[in-house]
Structures are given as structure tokens and as C-alpha cells.
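Chains as they are written, first to last, in our numbering: chain A, 1 to 443; chain B, 444 to 620.
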Amino acid sequence: MTLPPKGSRWPVGLAAGAALLLLLLGVVMAHYEDTLYSQQQQRSFQDLAEILAASVTAAIEFDDSKAAQEYVDALKVNPAILAAGVFSAQGRIAAFNRSGIAPLARPQSPGTRESGDNIISTTVPVEQKGHVVGFVSLQAAGEPPARRMARYLGLILLGAMAALVIAVLNLSQVALVSRARQLSDVNARLRQEMLERARTEEALRQSQKMEAIGQLSGGIAHDFNNLIMIAKGNLMLLRRRTGLNEHLRFVINADAALDRAAGLTQRILAFSRQQALTPRPIDISELVRGMADLLRHSAGETIAIRTDLQAKWLVSCDANQMENVLLNLAINARDAMPEGGTLALETRDIVLDRAPDGAEEVQPGSYVQLSVSDTGLGMSEEVRHRAVDPFFTTKPQGKGTGLGLSTSFGFVRQSRGYLTIDSAPAKGTRITIYMPKLQEQST
Amino acid sequence: MTGQTARIWHAVAGAIVLGALACNAGAQPSLEYAVKAEYLAKLSPFIDWPAGSFDSAAAPINLCLLGADPFGAVLDRAAGAEVLARVIAVRRLPSPDLADSCHILYLGAAAPALPEALGGRPVLTVSDSDAIPAMIQFVIRQNHVRFIIDEDAARRAGLHISAKLLALAIAVKRGPP
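Structure below.
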């Protein structure tokens with residue numbers, strides 16, 4: 001739906017102009033009509049005078065005022081005619097005038113004119129075979145202006161009506177446009193809210209899923225761990241009894257397998273946020289610096305490591321687990337850059353007034369930000385979405401457990417921090433961890 | 444304008460003449476005849492003669508007198524004052540034989556009887572006496588010269604008399620149309 005821009009008022013202006021034009025046209029037409037009517041009225045009285053003049057030629061020629069008077073008196077039936085007169089060369093031979101009207105004097109010259117008080121005077125020559133033998137004069141009352149105006153009232157009313165209709169149409173048009181604009185605003189807001197709600201629901205579902213998986217796998221892992229411990233204890237007793245013979249080898253193998261199984265349960269506990277942590281205040285910049293050698297070693301020759309460690313604030317977390325997280329992320333980054341590239345490790349102190357873009361779950365506050373970024377393959381939107389799901393992996397069979405990112409995520413969340421993933425195919429990946437700043441309670 | 448001026452002059456002259464005639468009857472015609480002379484001269488615009496009555500477009504209207512002439516020079520003056528398409532030629536006829544060349548024929552006192560042949564000719568006859576029958580007869584009513592019109596006779600002669608003139612007549616004789 002397209003709406004005219006809010007500032008646009010051209011239809012109103014146009015309509016007002018049209019209405020004004022109509023009214024103006026009405027006035028002009030009324031004036032024109034009036035002039036025409038006035039001329040016509042003068043013309044009709046002049047015609048009357050000419051008829052009288054043609055009738056009285058013989059009366060003038062033979063000096064018959066009685067006959068002339070009869071012609072003049074015939075005009076009395078027309079109430080508009082106030083006075084009339086027939087004049088020969090000698091003077092007036094016949095005339096009449098209504099009471100209150102002065103008798104007509106012998107006219108000087110022919111012609112028709114209308115005086116200010118709406119009296120039309122007309123004088124025409126009486127001609128006999130081409131020469132003037134006398135004059136006929138008429139004085140008549142024109143239609144008074146009030147009566148004339150009344151006749152044009154219809155026209156003016158019509159114009160006013162048209163103007164009114166246009167005005168009403170316009171007002172309703174303006175109201176409609178503003179209503180439509182309101183509706184479209186409301187609609188946009190509604191759609192925005194629906195979108196946000198859908199996103200929130202999706203996030204809630206994801207977190208519930210993770211919660212369920214975590215509780216389930218955490219419970220299993222605990223029980224499993226106890227069983228492993230029982231198996232390990234029994235193996236230890238068996239080892240003492242067996243002594244140094246060839247059977248000892250089997251016991252050692254079984255023990256090693258149990259150790260690996262124990263490690264696995266530890267990781268399951270980690271992503272289910274149920275692992276036993278021993279948090280203490282640590283400086284993450286220092287932690288990264290201490291791991292530099294190890295990281296360089298595990299990254300390999302083709303990958304350059306760049307560090308930018310500015311964070312000064314302390315955070316409270318389990319240092320060993322944090323190291324594990326860092327190592328996990330570095331290995332993921334390395335695997336994403338088979339052709340080599342740059343692994344960047346950055347830390348800085350940050351105060352968030354609002355959630356950063358693309359990480360709406362992060363609450364405002366003071367954080368130490370740790371980011372691990374690579375220049376590798378990157379992830380599709382779908383992969384990025386599922387990246388922290390346990391057992392989800394893009395690595396070949398047997399190469400990864402699908403637990404690296406999920407355990408890192410679980411640890412960070414258990415430590416009241418946040419982990420966000422920013423990635424796009426061929427654009428590399430940037431993992432950012434926000435750890436809440438440690439509040440100095442003593443000082 | 445000159446015609447009008449002449450007319451005014453004429454009217455004034457008529458009034459003077461009236462006074463003059465009162466004490467000098469005989470030598471000059473009375474006011475009555477001055478008016479009649481003027482009317483005679485003014486008749487022609489109200490009469491339609493049939494086609495062929497005039498020899499040419501410029502031919503004069505022959506105003507003839509038969510019998511006694513009561514007008515004298517007044518008629519010639521009145522005829523000369525009329526400004527019309529045709530000139531009015533006043534002819535005093537010695538004998539009725541010449542009457543068929545007239546357009547208007549005034550029959551004065553003791554006018555000889557008209558020849559039979561004139562009956563069908565388009566000649567407007569005028570008299571001022573009951574004794575002499577004519578198409579237009581001048582009469583005096585209330586000190587005004589008026590006329591009686593025998594429209595029937597005029598029509599028989601092929602003449603058409605204007606309704607304007609008929610309207611002024613105190614009587615109009617009409618036969619069956």
C-alpha cells in the first residue's frame with residue numbers, strides 16, 4: 001500500500017482552487033447574464049417604441065392626435081411602461097404618463113439609455129419614406145436589482161453547493177489518508193512485534209532443548225561416572241593382585257579406556273553446566289599470554305597468531321576450564337584454516353549500555369571481552385545456528401566429538417558469561433566471550 | 444432636415460395664413476384648403492399603385508386637379524415641400540379626357556363627370572364634397588380635416604391604401620373582399 005507523503009497537501013489546495021474557480025465562474029456568468037438581460041430589456045422597450053413609431057406615421061402626417069393617442073393608450077396594458085409620447089415637428093401630439101411620473105418633454109435625439117434608478121428611456125424617430133417626421137419616446141421601469149439578483153440566486157447556490165461538495169470530499173479524503181497511515185503504522189508495529197516474538201520463542205525453545213539435553217545427559221554422566229569409578233577401583237585391586245606378569249597389560253589398557261570414558265563424562269557434565277568448577281579471580285589477558293606457546297604449537301606453522309590483550313579487569317572463573325575453552329576455540333580455528341591464515345586473540349574491557357548487535361541475550365553491564373577470530377571458511381547461517389548443540393559437528397567422522405563448542409558454551413554460561421558466534425561463509429569466524437567483571441567487594 | 448425645417452416653417456406659415464385669410468378671404472385659400480393641400484401632398488406614401496403605373500423609376504407622381512381650384516399656389520408649395528422618392532407634379536387639367544395619366548385626381552367643385560374609361564385605371568380620386576363621389580373625401584370634424592375612405596372603390600381601381608391611413612379615416616366603405 002502506497003500513501004502520499006505526509007507533507008503533501010496538493011489535493012486540498014487543488015480542490016480549494018477548483019471551488020474558488022467555480023464560484024468565480026458563477027459570479028462572472030451571473031454578471032454576464034445580467035448585462036445580457038439588461039440589454040435585452042432595453043432592446044425590447046426599444047422594439048416597442050419602434051412598433052409605435054411605425055404605427056403613428058399617418059397620425060403624425062395628418063395631424064391626428066386622437067388616433068395617435070389610441071396607439072399610445074394601447075401601451076398602458078404593459079405595467080412596466082411609465083410614460084409614452086408621440087411628437088411631431090410641431091410638438092407633442094399624444095402622450096400618457098402614470099401618476100407620479102412627469103410627462104415626457106420633446107426629445108432632442110433618438111437613443112436608449114438606462115438611468116441609475118432603473119428607468120429605461122428610449123426615443124426612436126418616426127420615419128416616412130426615409131425622412132424623419134417625428135419622434136416616439138417611452139419611459140419604462142426595468143426590473144429592480146433585487147429581483148434580478150433573485151434570478152441568479154440559483155446559479156450562485158449551485159456554485160456554492162459544488163464548492164461545498166468538493167470541500168466535504170476533501171475533508172473525508174484527508175481523514176481517510178490519515179486513517180490509512182495510522183493503520184499502516186500499527187500494522188508495521190504489529191509485524192515487528194510478531195517477528196520479535198517468533199525470535200524469542202525460537203530462543204526459548206532452543207534453551208529448553210538445551211536444558212533438557214543437559215539435565216538428561218548430566219544425570220546419565222553422573223551415574224556413569226560412579227560406575228566408571230567402581231570399575232577403576234576394581235581394576236586397581238586387580239592390578240595389585242596380578243603383579244608383574246603378562247596379564248598386567250590388559251588391566252592397564254582397560255584402565256586407560258576408563259580414563260577416557262571419565263574424560264567424556266566430564267565434558268558432558270561441562271556442557272550440561274553441571275561440572276564441578278573452582279572459580280577464582282583471574283586476569284584473562286595474563287591467561288592468554290601464558291598459553292601463547294601452547295597455542296602456537298597447536299596451531300601449526302601455516303597459521304600466524306596475533307594477540308591484542310588490553311583487558312585489565314579480573315573475572316571469576318575456573319582457570320583450567322577457561323584454558324580448555326581457549327584451546328578448543330584455537331583448534332576449531334585452525335581446522336577452519338586448512339590453507340593457513342591468521343588467528344587473532346583479543347581481550348578488552350567493555351561496558352555495555354545495551355546488547356551488542358547480533359547478541360541480544362547479553363545483558364548490559366561491565367565485561368571482559370575475549371574474542372577468538374580466524375580468517376577461515378566461516379559457517380553458513382544454519383551451521384552457526386546449531387554450532388553449540390552437543391554432538392553437532394562438521395568435522396569428519398572420528399575427528400571431532402561435537403562437544404568442543406557446546407562444552408565451551410556450557411562452561412561460559414555456568415560462569416554467568418556469554419558466548420556469541422559471528423560468522424559467514426568465506427568470511428571467517430569470530431567467537432566472542434563476555435565474562436562479567438569481578439566486583440571488588442573488599443575495596 | 445431641410446424637409447423638417449420646411450414643414451415647421453410651413454405650419455407657422457399656415458397659422459399666419461389662417462389669421463390673414465380671416466380678413467382677406469378670396470384672394471388666398473382659407474386655412475382649411477391650406478391643410479387640405481398639404482394632406483393631398485402627403486397622401487402618396489400611403490398609397491400603393493399597381494406595377495406599371497409609372498413610366499420609370501424617376502417618373503413624377505401626377506397630382507391632378509379637375510374643376511375649380513381652391514388651392515392656388517399653396518398646393519404647388521406643399522407638393523414641392525414633400526421629400527419623397529418621386530417628385531409630385533401638380534397638373535391642372537382642362538378636360539377630364541387627360542385624367543388617365545393622373546395618379547391622384549382632386550375633383551373640385553363643378554368638376555365635369557369623369558369618362559367611363561377611367562373606372563378601371565389606378566387613379567386615386569379625392570374630393571371634399573358629398574356631391575362628388577371619390578375614393579377619399581375630405582370632411583371637417585371638430586375643426587379638423589378628416590377623411591372618409593371608399594376602400595372598395597380603390598380596390599376596384601387596383602389601388603391599395605395603407606392600413607395606417609385607413610386607421611385615421613372616420614369611416615371606411617368596404618365591399619365584400
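Heads up, the beta-carbon is just placed ideally off N, CA and C, and yes, glycines get one too.
- Message: Helix, strand or coil for residue 422 of chain B? Go by DSSP, reduced to three states.
- Response: Since the first residue shown for chain B is 444 and the last is 620, residue 422 of chain B is missing from the structure and cannot be characterised.
- Task: Compare the C-beta of residue 489 of chain B with all C-beta atoms of chain A and state if any pair is closer than 8 angstroms.
- Result: Position 46 of the second sequence, counted from the first residue, corresponds to residue 489 of chain B. For residue 489 of chain B, the closest Cβ of chain A is nearer than 8 angstroms.
- Message: So the candidates are B:575, B:544 and B:589; which of them puts its Cα closest to the Cα of residue 480 of chain B?
- Response: Within the second sequence, numbered from 1, the residue matching residue 480 of chain B stands at position 37. For residue 480 of chain B, the nearest C-alpha among the options comes from B:589.
- Query: Can at least three beta-carbon pairs, one atom from the stretch 238 to 252 of chain A and one from the stretch 175 to 193 of chain A, be found at a separation below 8 angstroms?
  - Reply: The stretch 238 to 252 of chain A is not in contact with the stretch 175 to 193 of chain A.
- Message: So, for residue 255 of chain A: in the same chain, excluding its five sequence neighbours on each side, which residues have a beta-carbon less than 7 angstroms away from its beta-carbon?
- Response: Translated into the one-based positions of the first sequence, residue 255 of chain A becomes position 255. Cβ-Cβ distances below 7 angstroms link residue 255 of chain A to 232 and 235 in the same chain, with the five nearest sequence neighbours on each side left out; the list follows chain order.
- Message: So, at 8 angstroms on beta carbons, what are the nonlocal neighbours of residue 452 of chain A in its own chain, with the 5 sequence-adjacent residues on each side left out?
- Response: This structure cannot settle anything about residue 452 of chain A, because the visible part of chain A is limited to 1 through 443.
- Does residue 526 of chain B get closer than 8 angstroms to chain A when you measure Cβ to Cβ? In the second sequence, counting from the first residue as 1, residue 526 of chain B sits at position 83. The C-beta of residue 526 of chain B comes closer than 8 angstroms to at least one C-beta of chain A.
- C-alpha distance - residue 584 of chain B paired with residue 52 of chain A, whole-angstrom precision: Walking along the second sequence from the start, residue 584 of chain B turns up at place 141. Walking along the first sequence from the start, residue 52 of chain A turns up at place 52. Using only the alpha carbons, I get a separation of about 25 angstroms.
- Query: According to DSSP, what are the bridge partners of residue 435 of chain A?
  - Reply: The residue you call residue 435 of chain A lines up with position 435 of the first sequence. Residue 435 of chain A is bridged to A:368.
- Contact between the stretch 416 to 433 of chain A and the stretch 366 to 378 of chain A: three or more CB pairs below 8 angstroms? When C-beta atoms of the stretch 416 to 433 of chain A are compared with those of the stretch 366 to 378 of chain A, three or more pairs fall below 8 angstroms, so the two segments count as touching.
- Could you confirm whether any beta carbon from chain C is found closer than 8 angstroms to the beta carbon of residue 607 of chain B? Any reference to chain C falls outside this structure, whose protein chains are A and B.
- Item | Beta-carbon proximity list for residue 614 of chain B, same chain, < 7 angstroms, skipping 5 on both sides | The residue given as residue 614 of chain B occupies position 171 in the second sequence. 591, listed in sequence order.
- Run down chain A in chain order and give the residues with a C-beta less than 7 angstroms from the C-beta of residue 482 of chain B. The residue given as residue 482 of chain B occupies position 39 in the second sequence. Per Cβ cutoff of 7 angstroms: 62.
- Message: Do residue 611 of chain B and residue 95 of chain A count as a contact pair if the criterion is CB distance below 8 angstroms?
- Response: In the first sequence, the residue the question calls residue 95 of chain A occupies position 95. In the second sequence, the residue the question calls residue 611 of chain B occupies position 168. It is not a contact, given that the beta carbons lie outside the stated cut-off.
- Item | Residues near residue 81 of chain A in its chain [Cβ-Cβ closer than 7 angstroms; skip 5 each side] | Taking the first sequence and counting its residues from 1, one reaches residue 81 of chain A at position 81. Closer than 7 angstroms at Cβ, skipping near neighbours: 75, 138 and 140.
- Among all the DSSP beta bridges, which residues are the ones paired with residue 122 of chain A? In the first sequence, the residue the question calls residue 122 of chain A occupies position 122. Note: residue 122 of chain A sits in a beta bridge opposite A:112 and A:138.
- Message: Determine whether the beta carbon atoms of residue 535 of chain B and residue 512 of chain B lie at a separation below 8 angstroms.
- Response: Counted from its first residue, the second sequence places residue 535 of chain B at position 92. Counted from its first residue, the second sequence places residue 512 of chain B at position 69. Yes, the pair counts as a contact, with Cβ atoms nearer than the cut-off.
- Task: Decide yes or no for the touch test of the stretch 253 to 272 of chain A against the stretch 214 to 234 of chain A: beta carbon pairs closer than 8 angstroms, at least 3 of them.
- Result: Yes, the stretch 253 to 272 of chain A touches the stretch 214 to 234 of chain A.
- Residue interval of the alpha helix (DSSP H) (run including residue 159 of chain A): Within the first sequence, numbered from 1, the residue matching residue 159 of chain A stands at position 159. That run of the alpha helix (DSSP H) goes 145 to 242.
- Query: Does DSSP classify residue 103 of chain A as helix, strand or coil?
  - Reply: Here residue 103 of chain A refers to the residue found at position 103 when the first sequence is read from its first residue. Coil at residue 103 of chain A, not helix or strand.
- Query: Relative to the alpha-carbon of residue 305 of chain A, which residue among A:333, A:316 and A:321 has its alpha-carbon at the smallest distance?
  - Reply: Within the first sequence, the letter at position 305 stands for residue 305 of chain A. Nearest in C-alpha terms to residue 305 of chain A, of all of A:333, A:316 and A:321, is A:333.
- Message: For residue 467 of chain B, count the other beta carbons within 10 Å of its own beta carbon; 16 or more makes it buried, fewer makes it exposed. Which is it?
- Response: Residue mapping note: residue 467 of chain B aligns to position 24 of the second sequence, counting from 1. Legend: pLDDT at residue 467 of chain B = 41, less than 50; position of this residue unreliable, value from coordinates given subsequently. Its Cβ having fewer than 16 others within 10 Å, residue 467 of chain B is exposed.
- Query: Do the CB positions of residue 285 of chain A and residue 309 of chain A come within less than 8 angstroms of each other?
  - Reply: Your numbering for residue 285 of chain A matches position 285 in the first sequence. Your numbering for residue 309 of chain A matches position 309 in the first sequence. In this structure, residue 309 of chain A lies closer than 8 angstroms to residue 285 of chain A by Cβ.
- Extent of the continuous beta strand (DSSP E) to which residue 85 of chain A belongs: In the first sequence, residue 85 of chain A corresponds to position 85, counting from 1. First-last of the beta strand (DSSP E) with residue 85 of chain A: 81 to 88.
- Going along chain B, which residues have a C-beta under 7 angstroms from residue 123 of chain A? Walking along the first sequence from the start, residue 123 of chain A turns up at place 123. Simply none; closest approach about 16 angstroms.
- Mind checking who residue 97 of chain A pairs with in its DSSP beta bridge? Mapped onto the first sequence, residue 97 of chain A falls at position 97. Note: residue 97 of chain A sits in a beta bridge opposite A:83.
- For residue 167 of chain A versus residue 23 of chain A, is the C-beta spacing smaller than 8 angstroms? Counting from 1 along the first sequence, the entry for residue 167 of chain A is found at position 167. Counting from 1 along the first sequence, the entry for residue 23 of chain A is found at position 23. Residue 23 of chain A is positioned such that its CB atom lies no closer than 8 angstroms to that of residue 167 of chain A.
- Message: By alpha-carbon positions, which one of A:297, A:115, A:299 and A:63 ends up nearest to residue 92 of chain A?
- Response: Locating residue 92 of chain A in the first sequence gives position 92, counting from the first residue. The candidate whose alpha carbon is nearest that of residue 92 of chain A is A:63.
- Message: Does residue 415 of chain A come out as helix, strand or coil in the three-state DSSP assignment?
- Response: Looking up residue 415 of chain A in the first sequence gives position 415. The three-state secondary structure of residue 415 of chain A, taken from DSSP, is coil.
- Item | Three-state secondary structure (DSSP) of residue 473 of chain B | Along the second sequence, one-based indexing puts residue 473 of chain B at 30. In the structure shown, the three-state DSSP call for residue 473 of chain B is coil.
- Applying a beta-carbon distance threshold of less than 7 angstroms, which residues of chain B neighbour residue 108 of chain A? Looking up residue 108 of chain A in the first sequence gives position 108. The premise fails here: residue 108 of chain A is roughly 14 angstroms from chain B at the closest Cβ pair, so nothing lies under 7 angstroms.
- Task: Would you be able to state if there are at least three C-beta pairs under 8 angstroms between the stretch 290 to 298 of chain A and the stretch 314 to 328 of chain A?
- Result: Contact holds: three or more Cβ-Cβ distances are below 8 angstroms.
- Taking residue 308 of chain A as part of the beta strand (DSSP E), name the residues at either end of that continuous run. Here residue 308 of chain A refers to the residue found at position 308 when the first sequence is read from its first residue. Element bounds for residue 308 of chain A: 303 to 309.
- Message: In this structure, how does DSSP classify residue 506 of chain B when only helix, strand and coil are distinguished?
- Response: Walking along the second sequence from the start, residue 506 of chain B turns up at place 63. In the three-state DSSP reduction, residue 506 of chain B falls in the strand class (E or B).
- Message: So, for residue 415 of chain A: in the same chain, excluding its five sequence neighbours on each side, which residues have a beta-carbon less than 6 angstroms away from its beta-carbon?
- Response: Against the first sequence, residue 415 of chain A aligns to sequence position 415. Closer than 6 angstroms at Cβ, skipping near neighbours: 317.
- Item | Contacts around residue 225 of chain A, its chain only, beta-carbon distance under 7 angstroms, and the 5 residues preceding and following it disregarded | Your numbering for residue 225 of chain A matches position 225 in the first sequence. Cβ contact annotation for residue 225 of chain A (same chain, cutoff 7 angstroms, sequence separation greater than five): 262 and 265, in chain order.
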